[in-house]
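51 is the number of the first residue of the first sequence in our numbering; add one for each residue after it. Below is one structure, written out as structure tokens; the observations come after it.
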Amino acid sequence: MAVELHIDLKNYRIPARKFFSRDTRTVAKSLLGAYLRHETPVGVLGGMIVETEAYMFSEPGCHAFNGMTNRNRVMFGHPAHAYTYFTYGAHWMLNIVTEKEGRGCCVLLRALEPIEGIEIMRGLRQKAKKDVDLANGPGKLTQALMIGKGQYGLDVLDSRLIVLVPERSFRRRIVDGYGGIVTTTRIGISVAEDLQYRFYLANHPCVSVHRKTV
DNA sequence: GAGACGATTTTCT
DNA sequence: GAAAATCGTCTCG
């Protein structure tokens, strides 16, 4: 059942950096219902985050597990910075660094409900048959929002790429309206497959894969 | 609607 | 040189 919730930016604000320095799984869950907004030369692109995954430095699914490399170095910096990387020869992924400086944890943003700049997104994602398909996957999300190498290391509290969080009561309406939060194992990895580090809004149409809790 | 598979290039071993 | 935090297309039912 579709839930008609008017997402108004008046209900959102930029959080303190402390929001991102908490436990990565807590941050991943808390980001459901948050708003990702990218000011690009062709217009503002934005939407509500509906699906995330946590990556902890202490488990092999995480790029930081084997220490710092040139690719992942931003993960070891301050929280709330963007970690973008390229994979499968075609796709960019967008993560946000979490926990205390030096730990190497992040949250992968996997899916978004398009809200601002939908016309532009349609041009950027011509393969999408419906608007629901504009950003319902990590690779699609970055393509729809023009996120890639140029956004590596940006501070999502103070840059052209920002994350806003809903007020407490509004967030409750979002989460309840979509039937709560589902926790599952992560998608597309071949290690640490038992960890339930994926979170999404239960009945939201823009979630990439609706998988029952394992 | 679900499962199989190829594309393509960066990164690290 | 292999693997990769994916996507779109194809096939079958």
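Glycine is no exception: its CB is placed at the ideal position from the N, C-alpha and C atoms.
{"Asked": "Which residue comes first and which comes last in the beta strand (DSSP E) that contains F70?", "Found": "No beta strand (DSSP E) contains F70, which DSSP labels as neither H nor E."}
{"Asked": "Taking just the CA atoms, how far does A161 sit from M125?", "Found": "21 Å"}
{"Asked": "For E217, which residues in the same chain have their Cβ closer than 6 Å to its Cβ, ignoring the five residues on either side in sequence?", "Found": "N61"}
{"Asked": "Should the stretch 75-86 be regarded as contacting the stretch 225-245, the criterion being three or more beta carbon pairs within less than 8 Å?", "Found": "yes"}
{"Asked": "Between the C-alpha atoms of P188 and L159, what's the straight-line distance to the nearest angstrom?", "Found": "6 Å"}
{"Asked": "Quick one: give me the first and last residue of the alpha helix (DSSP H) that G96 is part of.", "Found": "Note, G96: premise wrong, no alpha helix (DSSP H); beta strand (DSSP E) at 93-105."}
{"Asked": "Please go through the stretch 124-172 and give each complete beta strand (DSSP E) segment of 3 or more residues, from N-terminal end onward.", "Found": "132-137, 141-148, 155-166"}
{"Asked": "Buried or exposed: where does V157 fall if 16 or more other Cβ atoms within 10 Å of its Cβ makes it buried?", "Found": "buried"}
{"Asked": "Mind checking Y105: buried by the 16 CB within 10 Å criterion, or exposed?", "Found": "buried"}
{"Asked": "Around the Cβ of R222, are there at least 16 other Cβ atoms within 10 angstroms (buried) or fewer (exposed)?", "Found": "exposed"}
{"Asked": "Ends of the alpha helix (DSSP H) at L191?", "Found": "188-194"}
{"Asked": "Excluding the 5 residues flanking H113 on each side, which residues of the same chain have their C-beta closer than 6 Å to its C-beta?", "Found": "N122"}
{"Asked": "When you compare the CB positions of V257 and N186, do they come within less than 9 Å of one another, or not?", "Found": "yes"}
{"Asked": "By a C-beta neighbour count over all protein chains shown, 10 Å radius and 16 as the cutoff for buried, is R248 buried or exposed?", "Found": "buried"}
{"Asked": "Ordered along the chain, which non-local residues of its own chain (more than five positions away) have a Cβ less than 6 Å from that of H88?", "Found": "L95, L195, L211"}
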